[in-house]
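Novice: Going by our numbering, the sequence shown opens with residue 18, and the numbers climb by one from there.
Don't be surprised by glycine CBs; every beta carbon is placed ideally from N, CA and C.
The structure's right below; bear with me while I get my questions together.
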Amino acid sequence: FVATCNSVNFFIVRKGEVWAPTTKYQLHGITRANILQLCHTHGIPARELDFPLTQVYSADEAFVTGTFAGLIPVSCVDGRAIGTGRRGPLTQRLQQLYMQLMDSYAGRGRQVGL
């Protein structure tokens with residue numbers, strides 16, 4: 018099954034649902050947790066489960082998360098296009114929500130005199 022990528026957490030989207038590998042074999046990423054929380058807050062179905070690589074190949078969308086990267090779309094895995102081979106609509110929505118979350122954190126920092 019899929020666990021993680023180089024220093025980032027891996028996600029797929031299947032039929033409008035975000036799938037994240039369990040933390041059994043990967044780090045408990047802060048950005049990963051933020052994305053799962055955003056899904057919960059905004060009514061986006063999401064679950065943590067271990068899934069095989071074949072589920073990745075047939076996913077509608079894929080993306081990775083990391084502290085430095087934020088949320089980055091994945092267009093192909095092992096030379097195989099994921100979905101349309103472009104950023105999908107749910108990945109785009111989560112990027113926007115994550116950017117808003119980061120902007121809110123930055124704004125609060127400025128408000129307390131940092």
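Confirm, please, whether the CB-CB distance from V35 to C56 is below 7 Å.
Specialist: Yes. Within cutoff.
Novice: Measure the C-alpha to C-alpha separation of V81 and L66 and round it to an integer number of angstroms.
Specialist: Distance between the alpha carbons of V81 and L66 is about 16 Å.
Novice: Please report the straight-line C-alpha distance between P90 and R103, rounded to a whole angstrom.
Specialist: For P90 and R103, the distance between alpha carbons rounds to 8 Å.
Novice: Between the C-alpha atoms of R110 and G60, what's the straight-line distance to the nearest angstrom?
Specialist: Taking the straight line joining both Cα atoms gives about 12 Å.
Novice: Would you give the residue range spanned by the beta strand (DSSP E) that L88 belongs to?
Specialist: Unbroken beta strand (DSSP E) run through L88: G87 to P90.
Novice: Thinking D77 and V30 are a contact (beta carbons under 8 Å), I'd like their distance in whole angstroms, please.
Specialist: Contact holds; Cβ gap of about 5 Å.
Novice: Assign R103 to one of three DSSP states: helix, strand, or coil.
Specialist: Residue state, collapsed to three classes: coil.
Novice: Can you pull the DSSP bridge partners for V123?
Specialist: At residue 123 the sequence reads Ala, which differs from the Val that was named. DSSP output for A123 lists no bridge partner at all.
Novice: What residue from Y74, Q113 and R64 has the CA that sits closest to T16's CA?
Specialist: Absent from the model: residue 16. The displayed extent of the chain is 18 to 131, so no value can be given.
Novice: Using only alpha-carbon positions, find the residue among F85, R97 and A98 that is nearest to I47.
Specialist: Measuring from the Cα of I47, the nearest candidate turns out to be F85.
Novice: Going by alpha carbons, who is nearest to Q113 out of N51, R97, Y42 and Q72?
Specialist: For Q113, the nearest C-alpha among the options comes from N51.
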